[in-house]
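FYI, the numbering for the sequence shown is -26 to -1, 1 to 271, going by mature numbering (1 follows the signal peptide of the UniProt record, and there is no 0).
All residues carry an ideal CB built from backbone N, CA and C; glycine is no exception.
To start, the structure under review is shown below, and the notes come after it.
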Amino acid sequence: MKWLLKQRLLIAGLLLGILFQGRAMAQENEPPELMLKLAYYNNDNIAYVKVSALEKKDGKLNPVEALPVALYLQDTLAANSIGKVVTDRTGKATATIPARLQAVWKAATTLSFVAVSQPQGKLAAKTQSVDITRARLLLDTLPGEDGSRSIVARVEEWQQDSFVAVKDVELKIGVQRLASFLPVGEDETYTTDSLGVANASFSLQKLPGDAKGNLVMVARVEDNDTYGNISVSKTVPWGMVKKDDEFGYGKRAMWAVNAKAPLPLQMVAYTLICAVWGILLYLVMQIVKIKRIGKEA
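Okay, here's the thing in structure tokens:
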């Protein structure tokens, strides 16, 4: 019985090994798959499209570089061509909607963007599309009676011949810094009400601005399945005036550069340097003197 059981286990193991090996060989022989992703952006009423190309192979996703992609608006007719782009090392490329298609972009309720890639190596040509409802984002400020400040964002979508307020749209409101986005309040996101409005209280005090004390307020909708990515900005004088030497780097201090170090510290350093070199020079002179005396003797 034990011998028969071992034989059965051995046969089962061999069958499983053959099965797994066959699957592995099938995956190796399987051609890579191209994945295209389209994203729509409207930044201060400037519309553009971003395409991302990824290669799916052996269960991994890798960016596809130097892939030619043709972009279209509404359909693939030559008249509706947005342009031809080539992906960079990250597999991404961007194209702005040209002026000749602005009329189509402004009149349409639903925007259909189409991407058509050309064959490259083992990657076959692929067509990808995304439908976006045209919308806009408005931004304004509202001063309070007690000195408080609020930012009001309004989301509207285009319906037939006019913009209509949209509720339950999630958005972010903040201050645009050099390389970051700083929320104006404790909440990370806000949701529009039945009037399409979202209010945020400005709780950032003594925030440095530019030379005139201006801050750039930004409201944006990110990765929305219906509206894509929309952002709008507004400059307001709610910041502190930026001084040329706000942190005192031009004054003499311990943390300043060598030329701005405190004078007593410089005098001590230079005295030590002169003393060390003086001692070395004295020792050299004594060695020369000893050698001279030795030769005379």
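Just the C-alpha distance for residue i and residue j, rounded to the nearest angstrom, thanks.
i, j, result
"residue 276", "L156", "In the structure displayed, the chain extends from -26 to 271; residue 276 sits before or after that span and is not available."
"D105", "Q94", "26 angstroms"
"T61", "R123", "43 angstroms"
"P236", "R226", "5 angstroms"
"I247", "E270", "35 angstroms"
"L8", "L85", "24 angstroms"
"L75", "D114", "29 angstroms"
"A69", "V126", "30 angstroms"
"T83", "W229", "59 angstroms"
"A162", "L178", "One detail in the question is off: residue 162 reads as Glu in this sequence, not Ala. Approximately 14 angstroms, taken between the alpha carbons."
"S175", "Y46", "41 angstroms"
"A139", "L97", "44 angstroms"
"P182", "A81", "41 angstroms"
Mind checking which residues open and close the alpha helix (DSSP H) that includes residue i?
i, result
"Q46", "What sits at residue 46 in the sequence shown is Tyr, not Gln. No alpha helix (DSSP H) holds Y46; the beta strand (DSSP E) holding it covers P42 to L47."
"Q134", "Counting along the chain, Q134 falls outside any alpha helix (DSSP H), and DSSP gives it neither H nor E."
"Q94", "Taken as a continuous stretch (DSSP letters only), Q94 belongs to no alpha helix (DSSP H), as it is neither H nor E."
"K11", "Element bounds for K11: not the alpha helix (DSSP H) but the beta strand (DSSP E), E7 to N17."
"A21", "From DSSP, A21 is part of no alpha helix (DSSP H) but of the beta strand (DSSP E) over I20 to K31."
"V78", "Q76 to A81"
Is it right to say residue i is buried, meaning 16 or more other beta carbons lie within 10 angstroms of its own, or is it exposed?
i, result
"G268", "exposed"
"Q134", "exposed"
"R128", "buried"
"T166", "buried"
"N172", "Here residue 172 turns out to be Ala, not Asn, going by the sequence shown. The residue in question, A172, is buried, as its Cβ has 16 or more Cβ neighbours within 10 Å."
"V262", "exposed"
"V59", "buried"
"I56", "buried"
"I71", "buried"
"V242", "exposed"
"S154", "exposed"
"I264", "exposed"
"S136", "exposed"
"residue 272", "The chain is shown only over -26 to 271; residue 272 falls outside these bounds and no answer can be derived."
"A99", "exposed"
Let's see if you can read the secondary structure: which residues bound the beta strand (DSSP E) around residue i?
i, result
"P238", "Not the beta strand (DSSP E): P238 falls in the alpha helix (DSSP H), residues L237 to E270."
"W229", "Note, W229: premise wrong, no beta strand (DSSP E); not H, not E."
"A89", "T84 to S91"
"Q102", "T101 to T107"
"Q179", "No beta strand (DSSP E) contains Q179, which DSSP labels as neither H nor E."
"P37", "K34 to P37"
Taking C-alpha atoms, which residue in the options lies nearest to residue i?
i, options, result
"M214", "K180, V195, A193 and V242", "K180"
"D142", "E131, K234 and Q150", "E131"
"R151", "Q102, S207, T107 and K96", "S207"
"Y146", "A89, A249 and E160", "Here residue 146 turns out to be Lys, not Tyr, going by the sequence shown. Comparing Cα positions, the closest option is E160."
"T107", "Q48, K96 and S91", "Q48"
"A89", "A81, V78, S103 and A99", "S103"
"P117", "R194, Y256, V210 and L169", "V210"
I want to check one thing, is the minimum distance from the CB of residue i to the heavy atoms of the ligand ATP below 8 angstroms?
i, result
"S154", "As far as ligands go, the structure on display features none, and thus does not contain the ligand ATP."
Counting pairs of beta carbons, one from the stretch 7 to 26 and one from the stretch 202 to 215, are three or more of them closer than 8 angstroms? yes
The stretch 14 to 33 contacting the stretch 49 to 69, beta-carbon criterion three pairs below 8 angstroms: yes
Evaluate contact between the stretch 34 to 42 and the stretch 16 to 23, counting only Cβ atoms and requiring at least three cross-stretch pairs below 8 angstroms. Touching, no.
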